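Here the sequence shown is numbered in our numbering, starting from 4 and rising by one per residue.
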Amino acid sequence: GVATDSLDAEGAVLERAPMPVSEDEVTATMKRFVGTIHQVPPMMSARKIEGRRLYEIARRGVEVEREARPVTISELELTDFAPSDYPEVGFRVVCSSGTYVRTLADDIAAALGGRAHLIELRRTRNGSVTIDQAVTMEEIEAADDVAALALAPRVLLDEMPVVEVDDELAAAVRNGVVIPAGLGPPGQEGVFQVVDAEGRLLAVYGSDGRTMRPEVVLS
């Protein structure tokens, strides 16, 4: 495998050694990474330590200790395998926010006794929004009304619970007023989208089980 300082193809090569693994070995090893795992953020990342971005520190030629963080790998599937002394592997992953796929690739290689870097990354879904709903820069540049290409805010919040309010409370929500948590699911804490009687998104509120306070209010 080939290791780089950025864990992707743009980085400087740090290590290079043959890694003649089989497809069955890769598949079996990937299974060990499904579930909650701990990742150490790469130095070339936007994660902050003591107020400084890691990539800023890395560009000064300094490497600092980073704390491993838990992430969740819901699905991990081998999609392509090109055998050689330096095999290329394609995989599909469904993961939690904050997962570094570059690190995942290198960690899988390390579990196989080698090193690796990411050649290409393609995000096909973010929450409930899929790549099929994306538009190209060419489509944006050619559009007479760019706003018409945008997804409705509620589409982006599709997986967030909904609280519907009447006209009186809708006026209060538009002004960012704190409202009773009883309007949401009983005793449930978390973040909710607040809509009016016609289903229009008014705001995103957070609930502590007692009151609901505005996180974002739409004008």
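Note that CB positions come from ideal geometry on N, CA and C, so glycine has one too. None of the values given here were measured: they were computed from a predicted structure.
Pairwise C-alpha distance: residue j and residue i
i, j, result
"residue 151", "residue 60", "41 Å"
"residue 29", "residue 121", "15 Å"
"residue 210", "residue 52", "30 Å"
"residue 175", "residue 157", "20 Å"
"residue 219", "residue 207", "5 Å"
"residue 10", "residue 57", "14 Å"
"residue 35", "residue 4", "20 Å"
"residue 221", "residue 129", "22 Å"
"residue 114", "residue 63", "30 Å"
"residue 6", "residue 187", "50 Å"
"residue 91", "residue 123", "11 Å"
"residue 173", "residue 215", "13 Å"
Cβ-based neighbour list, residue i, same chain, cut-off 6 Å, excluding 5 preceding and 5 following
i, result
"residue 8", "14, 15, 17"
"residue 164", "195"
"residue 73", "39, 41"
"residue 108", "119, 121"
Spatial neighbours of residue i in its chain, beta-carbon cut-off 8 Å, leaving aside the 5 residues before and after
i, result
"residue 88", "21, 22, 23"
"residue 143", "149, 152"
"residue 117", "4, 20, 22, 24"
Identified DSSP bridge partners for residue i
i, result
"residue 208", "195, 217"
"residue 62", "DSSP, once it has assigned bridges, lists no residue as partnering residue 62."
"residue 34", "Beta-bridge pairing links residue 34 to no other residue."
"residue 26", "Note: residue 26 sits in no beta bridge, so no partner."
"residue 43", "Per DSSP, none; premise fails for residue 43."
Proximity winner among the options, relative to residue i (alpha-carbon distances)
i, options, result
"residue 136", "154, 94, 124, 176", "154"
"residue 27", "83, 205, 199", "83"
"residue 77", "62, 94, 99, 86", "99"
"residue 101", "70, 200, 54, 75", "75"
"residue 68", "172, 80, 50, 81", "50"
"residue 256", "204, 110, 81", "The chain is shown only over 4 to 222; residue 256 falls outside these bounds and no answer can be derived."
Residues near residue i in its chain [Cβ-Cβ closer than 7 Å; skip 5 each side]
i, result
"residue 66", "46"
"residue 133", "127"
"residue 213", "184"
"residue 103", "42, 44, 45, 48"
"residue 200", "167, 169, 170"
*Can you list the beta strand (DSSP E) stretches of 3 or more residues lying completely in the region 172 to 205, in chain order?*
193 to 198
_Could you tell me which whole alpha helix (DSSP H) segments of length 4 or greater appear in the region 118 to 161?_
140 to 145, 156 to 159
_4 or more residues per run - each alpha helix (DSSP H) lying fully within the region 68 to 121_ = 104 to 114
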